[in-house]
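Quick note on the numbering used here: the sequence shown kicks off at 44 and runs consecutively. Ideal Cβ positions, reconstructed from N, Cα and C, are used throughout, including at glycine.
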Amino acid sequence: MTKKILIPITLFFLSVTLFGQTVQKETHLFVEKDEQELKLDIYKSDSVSLQPQPCLVFVFGGGFKNGTRDAELYHRFFSYFAERGFTVVSIDYRLGMKDQKAPGILNTKPIRNAISLAVEDLYSATNWLLQNAEELHIDPTKIIISGSSAGAITVLQADYESRDNRPSADVLPRDFRYAGVISFAGAIFSTEGLPSYDQPPAPTLFFHGSADKLVPYNKTRFFKLGMFGSKPLVKRFRENQYPYLFYSMEDIGHDVSEYPMQEFLPEIERFISDWVFNGKQWMTDIYFKDMLRKSDTSTNPGNYYN
């Protein structure tokens, strides 16, 4: 481990009241890359003890072209878990698709670069948290990564590359593994067909809309190259008996990248408790149909990026 660097890079500390309880928010600079300062926000309840806490890291969405780590739509998610004894961390990352045209199966370089940058920055944030775990009262064996849309792609890709012994993950400590993954409408980019893991992945919670055209629910591929969404990833998990929980939101589009963070908080908490903390070896598929929910299923890469 390198020397602890918590105190010098603390930018500010404030208290915010979220949903009836006081949650402390700190902002830190964790790295500078490409002349950009990348920061993270740490949310903690002021009522928790100083014992090491589980850490829930969040990566925001926005197609790798926009978005912010502190968007209001995420606050309920952050406060819910902060109030339940988690250290919640929301991070910046470089936006590799900013000013880029829509990716396509024959034009994958921009999106591949964007994913690579985001994963690299998530790894940097992870290292910063590990280096400062003692001061932050974080349990380094209980770091769970979560993300929405582009952020969901990032967290799935990050766990995949670390378990598959990719050179990109060499920056992480040799014995470190993420404890769990939570994906709100994510996928993995692969040049080798449906991803396979050299080591079993972290227990993973998948939320995905079956009518999602922006981040594929199924897959978009050209020979072995392509984006593999939740459905084929779950197939791989089941084939290899990797623990997972899959919420397939029937006939819903890319909305699933957001609303489970408002409406499925107890279900997310149970996944963390059962699959991550208690080590349940369950493979669970839930095909969820909300007959009252209307969804815009028209969003696709062509109209989102252009």
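So, is residue i buried or exposed, given that buried needs 16 or more other C-beta atoms within 10 angstroms?
i	result
V214	exposed
G269	buried
F266	exposed
K87	buried
P309	exposed
L335	exposed
I329	exposed
K337	exposed
T263	buried
E235	exposed
G190	buried
Q305	exposed
I85	buried
I148	exposed
Compare the C-alpha of residue i against each of the options and name the closest.
i	options	result
F331	W325, K87 and I295	I295
E163	E177, D182 and G194	G194
R137	N343, Y240 and T111	T111
D350	G252, Q67, R209 and K262	Residue 350 lies beyond the stretch modelled for the chain, which goes from 44 to 349, so this question has no answer here.
D135	P95, F124, E126 and L81	L81
T340	S316, L160, H251 and Y290	H251
Y203	I181, D182 and I158	I158
V74	A168, R206 and P286	A168
S205	Y166, H180, E178 and E177	Y166
S90	L116, L83, H118 and S122	S122
S291	S273, P246 and A201	S273
V132	Q67, M140 and R313	Q67
Where residue i and residue j are concerned, what is the direct C-alpha to C-alpha distance, given to the nearest angstrom?
i	j	result
W171	F271	30 Å
A230	V277	11 Å
V198	V224	7 Å
I187	A228	17 Å
N346	P244	33 Å
F108	L99	According to the sequence as given, residue 108 is Lys; it is not Phe. If I take the Cα positions, the gap works out to 23 Å.
P153	L93	43 Å
T184	P97	8 Å
K256	G105	15 Å
L248	N283	16 Å
A114	Q174	27 Å
G128	V319	15 Å
L237	V299	23 Å
D77	T70	20 Å
F280	S239	9 Å
F103	P303	14 Å
Q143	L72	27 Å
K323	Y285	11 Å
A201	R220	11 Å
Between residue i and chain D, is any beta-carbon pair separated by less than 8 Å?
i	result
A245	Absent from the structure is chain D; it holds one protein chain and no more.
Tell me, which residues are paired with residue i by DSSP?
i	result
H251	S291
F331	M292
I225	S189 and L248
G272	A230
T263	M270
L72	K82
M304	Answer is none; M304 lacks a bridge partner.
- Query: Of all the beta strand (DSSP E) runs that stay within the bounds of the stretch 92–166, which reach a length of 3 or more residues?
  - Reply: 96–102 and 130–134
What ranges does the beta strand (DSSP E) occupy inside the stretch 168–207, keeping only unbroken runs of at least 3 residues that lie completely in it? 181–191
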